[in-house]
Structures are given as structure tokens and as C-alpha cells.
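Q: Protein chains in written order, with the working numbering: chain A, -7 to 110; chain B, 68 to 179.
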Amino acid sequence: GAVVSQHPSWVICKSGTSVKIECRSLDFQATTMFWYRQFPKQSLMLMATSNEGSKATYEQGVEKDKFLINHASLTLSTLTVTSAHPEDSSFYICSARDPGPSSYNEQFFGPGTRLTVL
Amino acid sequence: SQKIEQNSEALNIQEGKTATLTCNYTNYSPAYLQWYRQDPGRGPVFLLLIRENEKEKRKERLKVTFDTTLKQSLFHITASQPADSATYLCAHPYSSASKIIFGSGTRLSIRP
Chain A
-7 GAVVSQHPSW VICKSGTSVK IECRSLDFQA TTMFWYRQFP KQSLMLMATS NEGSKATYEQ
53 GVEKDKFLIN HASLTLSTLT VTSAHPEDSS FYICSARDPG PSSYNEQFFG PGTRLTVL
Chain B
68 SQKIEQNSEA LNIQEGKTAT LTCNYTNYSP AYLQWYRQDP GRGPVFLLLI RENEKEKRKE
128 RLKVTFDTTL KQSLFHITAS QPADSATYLC AHPYSSASKI IFGSGTRLSI RP
């Protein structure tokens, strides 16, 4: 199946700093990628849909100025957590859809990035 | 709004038995349901997709059913093994087919 990578796999930062997380589709082109956040023992919550060449679409309650998304190419989307605070500490996961013709396309997930804000 | 529930937070069973996980959805009639496996500290891995016009789908030791009347999907692992221990998530599309919503997951533990 298709492979999605994320970098870094974990990051620790001080409160008030910004952190950038990269999501790459390694063997396919993805016009759409998705960013999720997962707190311990909870499910994945969709934060935003990243669209190549256009603005991201954010879910209700997600601050677009705090979570900046850039999808500059067909294989790369980045999520920047600006002015991070301890409550932003979470597991951030990206995914990309199989670009096949079917509308029932499965999503391929990256390995996740563990963010800890001190 | 769409809601998807996995009733059991955790399930512990003996190796060799069949594990059955439940997923219920409300306020929506999805065209398909998906099941994923997630290991601790990792991203989910796609397992199976079942469409609304399919009653059952199988893949090796895995079987998924889809009952649109009950608004429920069952996920079965037969001849379970300790290596099957993980969290299993069900998911279905939002009203827009490109986004999917996840259940809270069931943490399955298979004891030797």
C-alpha cells in the first residue's frame, strides 16, 4: 500500500515557541491530506483538510491562526503549531487518500508526531 | 451531527477465541464503513472496508458485517492471537466522502 511519512516522530518544545510537522506521501501524489489530533485513550479528531495549492479547510473549533497548514506540493503538507502551550501537547497524525478512481478510497496514515509542550 | 460509537472501551479474551467488536452509528447513513488497527504510539492502519450494499466482508481471519437496519457493524477476529492485541477503530465518511469520522476505538487484549 501507499506510504505516508511524518517528521519529526516526536518533539519537545518550550511554551510559546512554534513547531512544524511535515507529512509526506512517499510513493503517490496526494491533492488532499488530513490532519488529526489524538489525546491519550481518545479517538482521532479531524483538525483540518489540507488542499494542494489552496487554503486548508478547518473543522469547527480549530483555530486556523494557531494551526497553520501549508500544502505546497502534491507530496508534502506541513502543520505548524504556533505559540504552542502545554494544552497543545498531543499526538498529531496526518493521512492521505489513495488517489485511485474509486470514491471509497482508503486513507493511509503517517506514523504520527508526539508533541510535548513544556 | 454524525456520531459513531464503539461500545466497548476494552475487550480481553483468551487466545484462540473469536473477538467481536461493535460499531454503531447514528444520524447518518454512510455509504461504507472502514476498520483500522492502531498500535500504541503509531498511526492507524487500514484493515477492511465494507460498502452499504455488502452484508459481509472477509480477509484472512478478519470478518466485517454491515447491518444498515441496525446501523451497526461487527468486526470479528477468528482464532485470535496475542499479536492481534491493539486498538481497533471503526470509521465512516462525513457527509462529504473525502473526510472520515472515527469511533473512540476498542482496545483488544488477547491473553495467551
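The beta-carbon is built from N, C-alpha and C at its ideal position, and this holds for glycine as well.
Are the Cβ atoms of T93 of chain B and K166 of chain B separated by less than 8 Å?
A: Not a contact, by the Cβ cut-off of 8 Å.
Q: May I ask you to report which of helix, strand or coil DSSP gives P179 of chain B?
A: In this structure, P179 of chain B counts as coil in the three-state DSSP scheme.
Q: In the segment 129 to 157 of chain B, which residues sit with their C-beta less than 7 Å from some C-beta in chain A, listed in chain order?
A: L156
Q: Just the C-alpha distance for S7 of chain A and F59 of chain A, rounded to the nearest angstrom, thanks.
A: 15 Å
Q: Under the DSSP definition of a beta bridge, which residues are partnered with K70 of chain B?
A: B:T93
Q: Among B:A146, B:I177 and B:P160, which one has its Cα closest to the Cα of W102 of chain B?
A: B:P160
Q: Only counting the same chain, and skipping five residues up and downstream in sequence, which positions put a Cβ closer than 7 Å to that of S10 of chain A?
A: Within the same chain, S10 of chain A has close Cβ partners T72, V73, T74, S75 and A76.
Q: Between C157 of chain B and H143 of chain B, what straight-line distance do the alpha-carbon atoms span, to the nearest angstrom?
A: 12 Å
Q: Where do the ends of the beta strand (DSSP E) carrying L156 of chain B lie?
A: A153 to P160
Q: Below 7 Å, is the gap between the Cβ of L141 of chain B and the nearest heavy atom of the ligand FMN?
A: The model on display carries no ligand, and the ligand FMN is accordingly not part of it.
Q: Are the segment 12 to 21 of chain A and the segment 73 to 84 of chain B touching, with three or more C-beta to C-beta distances below 8 Å?
A: no
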